[in-house]
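What follows is one structure encoded as structure tokens, with my remarks underneath.
Protein chains: 2
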Amino acid sequence: MPELRKDPVIGRWVIISTGRARRPNHIGPRHDSQVTGPCPFCAENEHVTPPEIMAYRPDGSRPNTPGWTLRVVPNKFPALMIEGELDRRGEGVFDLMNGVGAHEVIIETPRHETNMGTLSEKQFEDVLWAYRDRILDLRKDKRFRYILIFKNQGIEAGATLEHTHSQLIALPIVPINVLEELSGAKGYHRYKERCIYCDIVRQELEDRTRVVGENGAFVVICPFAPRFPFETWILPKKHSPCFEHASKQEYAELSRSLRETLIRLNQALNDPPFNYIIHSNPLQEPENGHYHWHIEIMPKLTQVAGFEWGSGFYINPVTPEDSARSLREIAL
Amino acid sequence: MPELRKDPVIGRWVIISTGRARRPNHIGPRHDSQVTGPCPFCAENEHVTPPEIMAYRPDGSRPNTPGWTLRVVPNKFPALMIEGELDRRGEGVFDLMNGVGAHEVIIETPRHETNMGTLSEKQFEDVLWAYRDRILDLRKDKRFRYILIFKNQGIEAGATLEHTHSQLIALPIVPINVLEELSGAKGYHRYKERCIYCDIVRQELEDRTRVVGENGAFVVICPFAPRFPFETWILPKKHSPCFEHASKQEYAELSRSLRETLIRLNQALNDPPFNYIIHSNPLQEPENGHYHWHIEIMPKLTQVAGFEWGSGFYINPVTPEDSARSLREIAL
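As given, the protein sequences belong to chains A and B, one line each in that order. Per our numbering, the first sequence starts with residue 1, numbered consecutively. Per our numbering, the second sequence starts with residue 333, numbered consecutively.
In structure tokens form, the structure reads like this:
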């Protein structure tokens, strides 16, 4: 059983998941090659993955057979186990609990596409609906406090399979970066009685130097203090703490924003490896006035030295004003 | 002039340093090759670096000529500029200041060694004394709040030159990870009236499952909740907030601990790329009962997906008990 362990000083939880060392790109220096052999995410290879959790099957085909347009399966090498009690306990100054959680893979297309930017608008919309459907299902499980949805595209961004996919991890704790955002946003709200993200959106839309694009519901910006070159965020214009509470119209507009942003990044940076992460309100927390969900996209262009994530101190050689201008000037 | 910009939500400062894009491994996907040509850190090539700030010259030779055993020079592509006022200012919700600071390189040997583990005990001691000498000099400058000392060894760990060296960055702000440690340690101290690091040291020395080695003044452990496989920390056994206040005897024992730890990592993991960071009390803060300086060493073995540093949530496939046992069993 994997374990969740808490750093006693800064309160960061990590998963110690020894089972994952059996993964194809297992522990060892410089093993970053991708898996070879038939792609387990392609149509006709449904039997290679664990049985599907859900799928969009417009033709009404049977589970675990071809005919699907999007498929969600358990991760074959899960970082957490879905069954069991949390069993929070202490060992002297240390805190730990069982590694209970869900680890799922969203396969975004039955075809062997390696670049999410090549998917259609409809496919992007389906991906967002799949995220929402899985959140609404998993949030019924009261053991979970947070659902982390993210994508690694490209070996350098941590992908082990090239067929375009996203991942979902349901956690019995809230990741430290989200806690920091919540605490910062709450402090601002106490002082100003306004949402800091709403204030950022308003200022960026007036200033425009860091705006990449916008539509009725979303704005795409390069943030004021980016850790990475070409880091890009997508924020809803209207205050909203939870990703899963967006409307049908908002998912349609978000799929356009996300698709356009990835196309811009592909063109500006020659199909860069990248990660994105959805930042949303923790489960079981009430809708509030201070938190504002958003997506953070981080192209992997520079070698990030360990000192940067070890210190939390980043050196970025590109201004967000320059990266926003480059992205904005891409003809779509 | 580079800029320091603050994320308005979580309070993390980043350096936006466009001048560094001229560095040899400039921005662009997958440019992580090292510099070619004569090594600027080797003896006889002193003219290739900016003029030295200090050097250990047992033979009394002149600055910027051969004869040195350790040399400190300004970084040729500094992330910050030493001259100028901080000029803290706001732009609506955002905060920024001029990128004032020092960025120095500690060249640890005149010979072209690429692995710090091959240096002698005396050379390790000199490296530690050089760190201390530079801190004592730079802390006179009241613009600075923190001195970050770190090492990147190996391309995968972010090194652009292979000749063994460390770096020092003097900052007008305190990096967020140090702030988090200070705040966590302060909370514990308020509650228990004890230093949390002292309690960790005591518990680890009793438990011993995560102890790699020890001597009179230092203990080497794999921490309870490590982010990375084989992450290893060196802590003074006696409470002490500041690295630069260690005694002669303590630097001698630390150089032994650090050297032995790198030799163990080299043998266990076949000369892995790695980073280390010295975590010490901020400048201009009084000696206190809650903070405890230490060194964190992070071998770079796994591909760290951006989602991990984006979320602050780490999945580690190796238990610290296993990595401590492997390291402990290396015959020195």
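By construction, the Cβ of each residue, glycine as well, lies at the ideal position given by its N, Cα and C atoms.
Checklist entry - Whose Cβ in chain A lies nearer than 7 angstroms to the Cβ of B:Val533? => result The residue you call residue 533 of chain B lines up with position 201 of the second sequence. Residues of chain A passing the Cβ test: none, with the nearest at roughly 10 angstroms.
Checklist entry - Should B:Asn607 and A:Phe307 be called a contact, given that it needs their Cβ atoms to be closer than 7 angstroms? => result On the second sequence, position 275 is the one that residue 607 of chain B refers to. On the first sequence, position 307 is the one that residue 307 of chain A refers to. For B:Asn607 and A:Phe307, yes; Cβs fall inside 7 angstroms.
Next on the checklist: Strictly under 7 angstroms for the Cβ-Cβ distance: is B:Gln635 near chain A by that measure?
Outcome noted: Position 303 of the second sequence, counted from the start, is the residue given in the question as residue 635 of chain B. Yes, B:Gln635 counts as interfacial toward chain A.
Checklist entry - Can you name, in chain order, every residue of its own chain whose Cβ lies under 6 angstroms from the Cβ of A:Gly28, other than the five neighbours on each side? => result Counted from its first residue, the first sequence places residue 28 of chain A at position 28. With a pLDDT of only 45 at A:Gly28, under 50, the local geometry of the prediction cannot be trusted, and the value read off the model is given with reservation. The answer is none, since no qualifying residue turns up.
Item to check | Beta carbon proximity, A:Ala225 to chain D, threshold 7 angstroms | outcome: Protein chains in the displayed structure are A and B, and chain D is not among them.
Checklist entry - Beta-carbon separation of A:Lys237 and A:Ala217 under 7 angstroms? => result Taking the first sequence and counting its residues from 1, one reaches residue 237 of chain A at position 237. Taking the first sequence and counting its residues from 1, one reaches residue 217 of chain A at position 217. Yes. Within cutoff.
Checklist entry - What separation, rounded to the nearest whole angstrom, lies between the Cα atoms of A:Ser311 and B:Ser498? => result As a first step, residue 311 of chain A is located in the first sequence; it is residue number 311 there, counting from the start. As a first step, residue 498 of chain B is located in the second sequence; it is residue number 166 there, counting from the start. For A:Ser311 and B:Ser498, the distance between alpha carbons rounds to 15 angstroms.
Item to check | For B:Trp625, the first and last residue of its enclosing alpha helix (DSSP H) | outcome: Taking the second sequence and counting its residues from 1, one reaches residue 625 of chain B at position 293. Segment: none, B:Trp625 is in no alpha helix (DSSP H) and carries neither H nor E.
Item to check | the region 70-92 of chain A: positions lying closer than 7 angstroms to chain B by Cβ | outcome: Ala79 and Gly92
Next on the checklist: Against B:Ser612, what residues of chain A qualify as contacts under a CB-to-CB distance less than 9 angstroms, listed in chain order?
Outcome noted: One-based indexing of the second sequence puts residue 612 of chain B at position 280. Neighbours of B:Ser612 on chain A: none; closest Cβ ~12 angstroms, over 9 angstroms.
Item to check | Span of the beta strand (DSSP E) around B:Val437 | outcome: Counting from one through the second sequence, the residue named residue 437 of chain B turns up at place 105. Ala434 to Ile439 is the span of the beta strand (DSSP E), which, as asked, contains B:Val437.
Item to check | C-beta neighbour in chain A for B:Ser349, strict 7 angstroms | outcome: Here residue 349 of chain B corresponds to residue number 17 of the second sequence, with the count starting at 1. Interface flag for B:Ser349 against chain A is set, since a Cβ pair is found closer than 7 angstroms.
Item to check | Residue from B:Val552, B:Cys530 and B:Ser452 whose Cα sits closest to the Cα of B:Arg540 | outcome: By one-based count along the second sequence, residue 540 of chain B stands at place 208. That would be B:Val552, whose Cα lies nearest to the Cα of B:Arg540.
Item to check | Residues in the region 621-651 of chain B having any Cβ partner in chain A nearer than 9 angstroms | outcome: Interface annotation for the region 621-651 of chain B against chain A: Glu628, Met630, Pro631, Lys632, Leu633, Thr634, Gln635, Val636, Ala637, Gly638, Phe639, Glu640, Trp641, Gly642, Ser643, Gly644, Phe645, Tyr646, Ile647, Asn648, Pro649, Val650 and Thr651, criterion Cβ-Cβ distance under 9 angstroms.
Checklist entry - Straight-line CA distance for A:Asn75 to B:Arg464? => result Numbered from 1 along the first sequence, position 75 holds the residue referred to as residue 75 of chain A. Numbered from 1 along the second sequence, position 132 holds the residue referred to as residue 464 of chain B. Computed Cα separation, rounded: 48 angstroms.
Checklist entry - Buried or exposed: B:Gln366, going by 16 or more other Cβ atoms within 10 Å of its Cβ? => result The sequence position of residue 366 of chain B within the second sequence is 34, counting from 1. Confidence is the limiting factor: at B:Gln366 the pLDDT is only 49, short of 50, which leaves the residue's position unreliable, though a coordinate-based value still follows. So B:Gln366 counts as exposed.
Item to check | Complete runs of the alpha helix (DSSP H) confined to the region 540-622 of chain B [at least 4 residues] | outcome: 580-601
Checklist entry - Between which two residues does the beta strand (DSSP E) carrying A:Trp13 extend? => result Your numbering for residue 13 of chain A matches position 13 in the first sequence. It spans Trp13 to Ile16 - the beta strand (DSSP E) in which A:Trp13 sits, taken as one unbroken run.
Checklist entry - Of all the options B:His571, B:Gln616 and B:Leu412, which has the alpha carbon lying nearest to the alpha carbon of B:Met333? => result Position 1 of the second sequence, counted from the first residue, corresponds to residue 333 of chain B. Among B:His571, B:Gln616 and B:Leu412, the Cα nearest to that of B:Met333 is on B:Leu412.
Checklist entry - CB B:Val533 to CB B:Leu567, shorter than 7 angstroms? => result Translated into the one-based positions of the second sequence, residue 533 of chain B becomes position 201. Translated into the one-based positions of the second sequence, residue 567 of chain B becomes position 235. Result yes, Cβ atoms of B:Val533 and B:Leu567 sit closer than 7 angstroms.
Next on the checklist: Below 9 angstroms on C-beta distance, what does A:Lys6 contact in chain B?
Outcome noted: The residue you call residue 6 of chain A lines up with position 6 of the first sequence. Within 9 angstroms Cβ-Cβ: Phe556 and Ala557.
Next on the checklist: Just to confirm the assignment: which complete alpha helix (DSSP H) runs, minimum length 4, are found wholly within the region 433-495 of chain B?
Outcome noted: With a minimum length of 4 residues, the continuous alpha helix (DSSP H) runs that stay inside the region 433-495 of chain B are 453-470.
Item to check | Contacts that A:Val9 makes with chain B (C-beta to C-beta distance below 7 angstroms) | outcome: Position 9 of the first sequence, counted from the first residue, corresponds to residue 9 of chain A. Under the 7 angstroms cutoff, chain B gives Glu513, Gly516, Ala517 and Ile528.
Item to check | Member of B:Val380, B:Glu376, B:Val437 and B:Val506 whose CA lies at the smallest distance from the CA of B:Leu336 | outcome: Position 4 of the second sequence, counted from the start, is the residue given in the question as residue 336 of chain B. When each option's Cα is compared against that of B:Leu336, the closest is B:Val506.
Next on the checklist: Give me the chain B residues within the contact set of A:Leu148, using Cβ-Cβ distance strictly less than 9 angstroms, ordered along the chain.
Outcome noted: As a working note, residue 148 of chain A is residue 148 in the first sequence. Per Cβ cutoff of 9 angstroms: Phe639, Ser643 and Phe645.
Checklist entry - Hey, does A:Pro172 have any beta-carbon neighbour from chain B nearer than 7 angstroms? => result Sequence index remark: in the first sequence, residue 172 of chain A carries index 172 (1-based). No, no contact with chain B.
Item to check | Reduced DSSP category for A:Arg325 - H, G, I as helix; E, B as strand; rest coil | outcome: Taking the first residue of the first sequence as 1, we reach residue 325 of chain A at position 325. Helix, per DSSP.
Checklist entry - Mind pulling the chain B residues with CB within less than 8 angstroms of A:Arg259? => result For the purposes of this step, residue 259 of chain A is taken as residue 259 along the first sequence, with counting starting at 1. Within chain B, no residue comes near A:Arg259; the closest Cβ sits about 20 angstroms away, beyond 8 angstroms.
Next on the checklist: Considering only the alpha carbon of each residue, which of A:Leu70, A:Phe144 and A:Val100 lies closest to A:Arg111?
Outcome noted: For the purposes of this step, residue 111 of chain A is taken as residue 111 along the first sequence, with counting starting at 1. The option with the nearest alpha carbon to A:Arg111 is A:Leu70.
Checklist entry - Which same chain residues, not among the five before or five after A:Gln123, have their C-beta less than 8 angstroms away from its C-beta? => result In the first sequence, the residue the question calls residue 123 of chain A occupies position 123. The residues are Thr69, Leu70, Glu108 and Thr109.
Next on the checklist: Counting only Cβ-Cβ distances shorter than 8 angstroms, please list the residues of the region 100-113 of chain A near chain B, keeping chain order.
Outcome noted: none
Item to check | Cross-chain neighbours of B:Gly346 in chain A, by beta carbon under 8 angstroms | outcome: Locating residue 346 of chain B in the second sequence gives position 14, counting from the first residue. Checking the sequence shown, residue 346 of chain B turns out to be Val, not Gly. The contacting residues are Ala225, Pro226, Arg227, Phe313, Tyr314, Ile315 and Asn316.
Next on the checklist: Here's the rule: buried if 16 or more other CB atoms are within 10 angstroms of the residue's CB, otherwise exposed. What is A:Leu171?
Outcome noted: Locating residue 171 of chain A in the first sequence gives position 171, counting from the first residue. By the neighbour-count definition (other C-beta atoms within 10 Å, threshold 16), A:Leu171 is a buried residue.
Item to check | Contact with chain A by B:Gly449, beta-carbon distance below 7 angstroms | outcome: Here residue 449 of chain B refers to the residue found at position 117 when the second sequence is read from its first residue. B:Gly449 does not count as touching chain A.
Item to check | C-beta atoms of B:Pro605 and B:Glu423 nearer than 7 angstroms | outcome: If you number the second sequence from 1, residue 605 of chain B lands on position 273. If you number the second sequence from 1, residue 423 of chain B lands on position 91. The answer is no: Cβ separation not under 7 angstroms.
Item to check | Neighbour-count burial assignment, B:Asp391, 16 or more Cβ in a 10 Å radius | outcome: For the purposes of this step, residue 391 of chain B is taken as the residue at position 59 of the second sequence. Exposed, because fewer than 16 other Cβ atoms sit within 10 Å of the Cβ of B:Asp391.
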